[in-house]
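Accompanying notes for the structure given below.
Number of protein chains: 2
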Amino acid sequence: MSLRSEILDQPQVLSRLLSTHRERVLGVARAISRRDFEFAFLAARGTSDNAGLYAKYLWGIRNALPVALAAPSMFSVYQSPPRLQRALVVAISQSGQSPDIIAVVQEGRRQGAVTLAVTNDSGSPLALSAEFVIDTDTGTEKSVAATKTYTAQLTAIALLSAGMEDRAERLEELQRLPELVGEALRLDNQIESVVARYRDMKQCVVLGRGFNYATAHEWSLKLKELSYVAAAPYSAADFRHGPLAILEKGFPVLAVVPDGAVLADMFDMLQGVSASFGADLTVISNVKELLQVATTPLRIASDTPEWLSPIVAIVPAQLFCYHLALAKGIDVEHPRGLQKVTRTW
Amino acid sequence: MSLRSEILDQPQVLSRLLSTHRERVLGVARAISRRDFEFAFLAARGTSDNAGLYAKYLWGIRNALPVALAAPSMFSVYQSPPRLQRALVVAISQSGQSPDIIAVVQEGRRQGAVTLAVTNDSGSPLALSAEFVIDTDTGTEKSVAATKTYTAQLTAIALLSAGMEDRAERLEELQRLPELVGEALRLDNQIESVVARYRDMKQCVVLGRGFNYATAHEWSLKLKELSYVAAAPYSAADFRHGPLAILEKGFPVLAVVPDGAVLADMFDMLQGVSASFGADLTVISNVKELLQVATTPLRIASDTPEWLSPIVAIVPAQLFCYHLALAKGIDVEHPRGLQKVTRTW
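Order-wise, the sequence lines are chains A and B. Each number in our numbering comes from the position in the first sequence (counting from 1) with 93 added on. Each number in our numbering comes from the position in the second sequence (counting from 1) with 93 added on.
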C-alpha cells in the first residue's frame with residue numbers, strides 16, 4: 094500500500110476499529126476502571142507521542158485523569174525509573190518494537206502498576222509485556238510516515254475514554270467518525286490545487302490548542318518528515334510567551350481550530366497575527382468567520398464534535414503534506430534519513 | 094538593568110539563593126517530603142515551562158517522583174480539571190501573574206493537594222494562592238527575555254531535589270554553581286567573535302537529552318525571542334523518529350551534551366548528522382572528542398556534575414543569542430511582539 098492509499102483507507106480502518114474491536118476496547122476500559130490508580134504515565138515516540146498528547150487532554154478533561162508523558166530515557170539511559178505503583182502505565186507504538194518504550198511497560202509491571210499497550214502488532218514484544226493490549230488493527234502500514242495508525246490510535250484513545258466515562262452519547266458520536274473522516278478526504282482536489290504556493294516554504298509555525306494541540310504537533314511532524322519544512326508546533330498560549338517574536342510579514346502560520354471551547358482564544362490570536370504581523374494563514378476549521386480570515390481555508394464538517402475533531406482535522410493536514418511533497422518532487426515513500434521501525438534507547 | 098547585565102549577574106543571583114535562601118528552600122523540601130502524594134503536577138509557561146522540564150527529569154531520576162506537565166487550558170478554557178488529591182501541585186512563574194497558572198494552584202488547593210509556587214514575586218497572586226512558596230529573589234528582571242530567573246528557578250528545583258534526597262554530597266555540588274556559571278560567562282568574547290557566521294541563519298534544530306532536554310528547549314526559545322531564528326528543540330531520540338528528514342548539507346544543528354549518561358547516544362547521533370548529512374554543528378559540552386567534531390565548540394567546565402549541567406550550559410546559549418541579536422541589529426530590550434508579563438487563559 095502506498096502513503097496515498099493509506100491516507101484514503103482511514104474511514105475503513107476506523108470503521109473496523111469501531112465495529113470489530115469496539116467491545117474488546119470497551120471491555121479493557123471497564124476492566125481498567127475497576128483498578129486503582131491516581132494518574133496515567135504514558136510512553137511513546139514520534140507520531141505515537143502526538144497520540145499521547147491527545148490522551149493527555151481527553152483523559153484529563155473527560156475522565157479527570159492526570160496524564161504524565163514519560164521520558165523513556167529515565168528508564169533506559171539513566172536507569173532510574175520513578176515510582177509507578179499508583180499509575181496506569183500506557184505505551185503507544187505502531188510497531189511495538191522500540192526498546193525504550195518496552196522498558197517503561199516492563200518497569201511498570203515490575204512495580205505492580207496497571208499496564209496497557211496500544212499497538213498495531215499484537216504479537217510484538219511491547220504487546221507481550223503489557224497486562225492489557227489494544228490492537229489498532231489497521232493492516233500493515235508500509236509508509237514511513239504514519240497516517241492511518243495515528244487516527245486509529247486516537248480512535249482507540251477516544252473509545253477508552255468513552256468506555257471509562259460510560260455514556261451512550263459518546264459512543265454514538267464515535268460511530269460518526271468514518272463518515273466525518275470520509276468527508277474530510279473530499280478536500281483532496283482543493284488541497285492539490287493550493288499547495289503550489291507553499292512550494293518554497295522553508296519554515297512555518299503550526300498552532301492548535303486543547304484537544305488539537307496534538308493535531309498541531311502531528312501536522313508539524315508530517316511537514317518535516319514528508320516535505321522537509323522546519324515546522325514548529327505551539328499552543329496559542331505558549332506562542333504568546335516568546336515564539337511570537339519570529340513572526341514577520343508573510344510568515345506562514347498554519348492553524349487547527351474547530352468549533353469548541355478554545356475557539357474564542359484562537360480566533361483572537363489568529364486575527365492578531367494576521368492584522369498586526371501580516372502573517373499568512375492556512376486554517377483547518379469548521380467555523381465560517383475563521384475560515385474567512387485565512388488565505389487558505391480548509392473546511393471540515395460543521396457538526397464535528399470538538400473532542401473528536403483531532404481525528405478529523407488531521408486528515409486535510411496529511412493531504413496537505415502529501416501534495417506538498419509531490420509538488421516539491423520528494424519521494425514520499427522514502428523520505429530521507431527515516432526508517433519505518435525506529436529503535437531508540 | 095539590561096539583558097547583558099542580567100546575564101552577567103547570574104553567579105551573584107545563584108550565590109544569594111544558595112546562601113540566604115538555602116535553609117528556607119531545604120525546609121520546604123523537608124515539609125513536602127512528610128506529605129502524601131503520588132506524583133507532581135507542574136504548571137508553567139514559556140521559560141518557566143522549560144524549568145519545569147528540568148524538574149521532570151531531575152525529580153523523576155533523583156527523587157523517583159513522576160512529573161506531569163499541566164495543560165493549564167483544562168482548568169481555564171475547558172474548566173474540567175483532573176483529580177489532584179494525591180498530587181504535589183507546583184507552579185513556576187517569574188511574575189506570578191498569569192491567570193491560567195494561578196487557576197491550577199487554586200484548584201489543587203481546593204482539592205486538598207500539596208501546593209508549591211516558585212516565583213520571583215512573593216507578593217504575587219500566585220504566591221498568595223499556594224501553601225508553600227519559594228522566592229527566587231533575583232531582583233527585578235527587566236528584560237523581556239528571561240535569563241537570571243531561569244537559572245534561579247533551576248537552582249531552586251535542584252535545591253528542592255537535594256533536600257528531598259537529603260544527601261550532603263548533593264548540597265556540596267550545588268555550592269559550586271556560582272563558580273561554574275562564572276566560568277561559563279568567560280566564553281563571552283569567544284562567542285561574540287563567532288556569531289557573525291550565524292547572521293543569516295533562519296532556522297535550526299537544538300538537540301539535548303535527559304537533564305539537558307530543558308536546555309535545548311530554553312536555547313531554542315531564546316533564539317526565537319531575541320534573534321528571530323525559527324529554532325526547534327528535540328531530544329536525540331525523538332529527532333530520530335521523523336524530524337531528522339529536514340537535515341541537509343550545512344543545516345545548523347545546535348547541541349548541548351555535557352559528560353554524563355546520555356553522552357554515548359548523543360555522540361553517536363551528532364557524528365551521524367555531521368558525517369551523513371553534512372549538518373553544521375555548534376556544541377556546548379565539556380567532552381573533548383565531542384567539541385572536536387563541532388564547527389563551533391563552546392566548552393564548559395570539565396568537572397560540571399551532570400545533574401547541574403543545565404544551569405551551567407544555558408549560559409553560553411544565552412550569550413550566543415544575545416550576541417547574535419546584536420549582530421543582526423535587533424533591539425534585545427524590545428523584541429517584537431513580546432511583553433514582560435504575559436497573561437494567558
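Virtual Cβ for every residue (Gly too), placed ideally from N, Cα, C. On a predicted model such as this, the values are computed, not experimentally measured, just so you know.
Proximal chain A residues relative to B:SER173, where beta-carbon distance stays under 8 Å
Translated into positions along the second sequence, residue 173 of chain B becomes position 80. Under the 8 Å cutoff, chain A gives GLY153, ILE154, ARG155, ALA157.
Across which residues does DSSP place B:LEU316 in a beta bridge pair?
In the second sequence, the residue the question calls residue 316 of chain B occupies position 223. Answer is none; B:LEU316 lacks a bridge partner.
Is B:ILE393 helix, strand or coil by DSSP?
What you label residue 393 of chain B is simply residue 300 of the second sequence in a count that begins at 1. Looking at B:ILE393 - three-state DSSP - the assignment turns out to be coil, as it is neither helix nor strand.
Is the CB-CB distance between A:LYS235 and A:MET94 below 8 Å?
For this step, residue 235 of chain A is matched to residue 142 along the first sequence. For this step, residue 94 of chain A is matched to residue 1 along the first sequence. Yes, they are a contact pair.
Starting from A:VAL355, find everything on chain B with Cβ-Cβ shorter than 9 Å and list it in chain order.
Within the first sequence, numbered from 1, the residue matching residue 355 of chain A stands at position 262. Those within 9 Å of A:VAL355 in chain B are SER166, VAL170, TYR171.
Cβ-Cβ separation, A:ILE393 to A:ALA277 (assumed contact under 8 Å), whole Å:
The count along the first sequence starts at 1 and reaches residue 277 of chain A at position 184. The count along the first sequence starts at 1 and reaches residue 393 of chain A at position 300. Correct: roughly 5 Å between the Cβ atoms.
Name the residues in the stretch 406–434 of chain A whose C-beta lies less than 8 Å from a C-beta of chain B; which are they?
PRO428, ARG429, GLY430, LEU431
Under the three-state DSSP convention, the category B:GLN105 falls into
Translated into positions along the second sequence, residue 105 of chain B becomes position 12. If DSSP states are grouped into helix, strand and coil, B:GLN105 belongs with the helices.
What does B:PRO192 reach in chain A if we use C-beta pairs closer than 8 Å?
Within the second sequence, numbered from 1, the residue matching residue 192 of chain B stands at position 99. Correct list: empty, because the minimum Cβ distance to chain A is about 11 Å.
From the beta carbon of B:HIS310, is the nearest beta carbon of chain A less than 8 Å away?
Translated into positions along the second sequence, residue 310 of chain B becomes position 217. Chain A contact via Cβ: absent.
Distance CB(A:VAL299)-CB(A:SER313) smaller than 8 Å
Within the first sequence, the letter at position 206 stands for residue 299 of chain A. Within the first sequence, the letter at position 220 stands for residue 313 of chain A. In contact: A:VAL299 and A:SER313 (Cβ atoms closer than 8 Å).
Answer yes or no: do A:LEU151 and A:ALA309 have a C-beta to C-beta separation smaller than 8 Å?
For the purposes of this step, residue 151 of chain A is taken as residue 58 along the first sequence, with counting starting at 1. For the purposes of this step, residue 309 of chain A is taken as residue 216 along the first sequence, with counting starting at 1. Taking 8 Å as the Cβ cut-off, A:LEU151 and A:ALA309 do not qualify as a contacting pair.
Which first and last residues belong to the alpha helix (DSSP H) in which B:ASN360 is found?
Start at 1 with the first residue of the second sequence, and residue 360 of chain B comes out as number 267. Reading off the sequence shown, one finds Phe at residue 360 of chain B, where the question assumed Asn. Where B:PHE360 is concerned, the enclosing alpha helix (DSSP H) stretches over 356–368.
On the DSSP bridge assignment, give the partners of A:THR208 in chain order.
The residue labelled residue 208 of chain A in the question sits at position 115 within the first sequence. Its beta-bridge partners are A:VAL182.
Is DSSP giving B:SER328 helix, strand or coil here?
Along the second sequence, one-based indexing puts residue 328 of chain B at 235. In this structure, B:SER328 counts as coil in the three-state DSSP scheme.
According to DSSP, simplified to helix, strand and coil, what is A:PHE132?
Taking the first residue of the first sequence as position 1, residue 132 of chain A is located at position 39. In this structure, A:PHE132 counts as strand in the three-state DSSP scheme.
Can you list the residues of chain A that B:ALA196 reaches, using a CB-CB cut of under 7 Å?
Working through the second sequence from its first residue, we reach residue 196 of chain B at position 103. Those do not exist, as B:ALA196 stays about 12 Å from chain A at its closest Cβ, beyond 7 Å.
Identity of the residue in A:GLY335, A:CYS297, A:TYR415, A:ASP352 nearest A:VAL287 by Cα:
Indexing the first sequence from 1 puts residue 287 of chain A at position 194. Checked all of A:GLY335, A:CYS297, A:TYR415, A:ASP352; the closest Cα to A:VAL287 is A:TYR415.
Sequence-distant residues of the same chain with beta carbon closer than 7 Å to B:SER217, five excluded per side:
For this step, residue 217 of chain B is matched to residue 124 along the second sequence. For B:SER217, where only same-chain residues beyond five positions count, the Cβ hits under 7 Å are SER188, GLY189, GLN190.
Just grab the DSSP bridge partners of B:PRO345 for me.
The count along the second sequence starts at 1 and reaches residue 345 of chain B at position 252. Answer is B:ASP373, bridged to B:PRO345.
Cutoff 8 Å: A:ASP214 Cβ touching any chain E Cβ:
Within the model displayed, chain E is absent; protein chains A and B are what it includes.
Hey, is A:ILE339's beta-carbon within less than 8 Å of any beta-carbon in chain B?
Your numbering for residue 339 of chain A matches position 246 in the first sequence. Yes - at least one Cβ of chain B is within 8 Å of the one on A:ILE339.
With a Cβ-Cβ cutoff of 8 Å, do A:ILE100 and A:GLN411 count as a contact?
Counted from its first residue, the first sequence places residue 100 of chain A at position 7. Counted from its first residue, the first sequence places residue 411 of chain A at position 318. In contact: A:ILE100 and A:GLN411 (Cβ atoms closer than 8 Å).
Alpha carbons only, please: which of B:VAL198, B:LEU111, B:ALA338 is nearest the one belonging to B:GLU224?
For the purposes of this step, residue 224 of chain B is identified with residue 131 of the second sequence, where counting begins at 1. Checked all of B:VAL198, B:LEU111, B:ALA338; the closest Cα to B:GLU224 is B:VAL198.
Mind pulling the alpha helix (DSSP H) runs of 4 or more residues that sit fully within the stretch 148–196 of chain B?
none
Residues of the stretch 128–149 of chain A with Cβ closer than 8 Å to any Cβ of chain B, in chain order:
GLU131, PHE132, PHE134, ARG138, GLY139, THR140, ASP142, LYS149
Below 9 Å on C-beta distance, what does A:LYS235 contact in chain B?
Residue mapping note: residue 235 of chain A aligns to position 142 of the first sequence, counting from 1. Simply none; closest approach about 16 Å.
Option in B:ILE404, B:GLN172, B:SER186, B:GLU131 with minimal Cα separation from A:VAL178
Locating residue 178 of chain A in the first sequence gives position 85, where the first residue counts as 1. Per the sequence shown, the amino acid found at residue 178 of chain A is Gln instead of Val. Checking every option, the nearest Cα to that of A:GLN178 belongs to B:GLU131.
Note down, in chain order, all residues in the stretch 285–304 of chain B with a beta-carbon under 7 Å from any beta-carbon belonging to chain A.
LYS295, GLN296, ARG302, GLY303
Give the DSSP-derived three-state secondary structure of A:VAL298 in the structure shown.
Within the first sequence, the letter at position 205 stands for residue 298 of chain A. Reduced to three states, the DSSP call for A:VAL298 is strand.
With A:ASP228 as the anchor, note down where its beta strand (DSSP E) starts and where it stops.
Residue mapping note: residue 228 of chain A aligns to position 135 of the first sequence, counting from 1. Run containing A:ASP228: 225–228, per the beta strand (DSSP E) assignment.
For the alpha helix (DSSP H) containing B:PRO218, name the first residue and the last one.
The residue labelled residue 218 of chain B in the question sits at position 125 within the second sequence. Segment 218–222, the alpha helix (DSSP H) holding B:PRO218.
Return yes when the Cβ of B:ARG138 is within less than 8 Å of the Cβ of A:ASP331, no when it is not.
Along the first sequence, read from residue 1 onward, the residue named residue 331 of chain A stands at position 238. Along the second sequence, read from residue 1 onward, the residue named residue 138 of chain B stands at position 45. It is a contact, given that the beta carbons lie within the stated cut-off.
CB contact check: A:GLU200 to chain B, cutoff 8 Å:
As a working mapping, residue 200 of chain A is identified with position 107 in the first sequence. With 8 Å as the cut-off, A:GLU200 does not count as an interface residue toward chain B.
Enumerate in chain order the residues of its own chain whose CB-to-CB distance from B:VAL434 is below 7 Å, with the five nearest sequence positions on each side excluded.
Mapped onto the second sequence, residue 434 of chain B falls at position 341. SER188, GLN190.
Where does A:LYS342 land, buried or exposed, given buried means 16+ other C-beta within 10 angstroms?
The residue you call residue 342 of chain A lines up with position 249 of the first sequence. Label assigned to A:LYS342: exposed.
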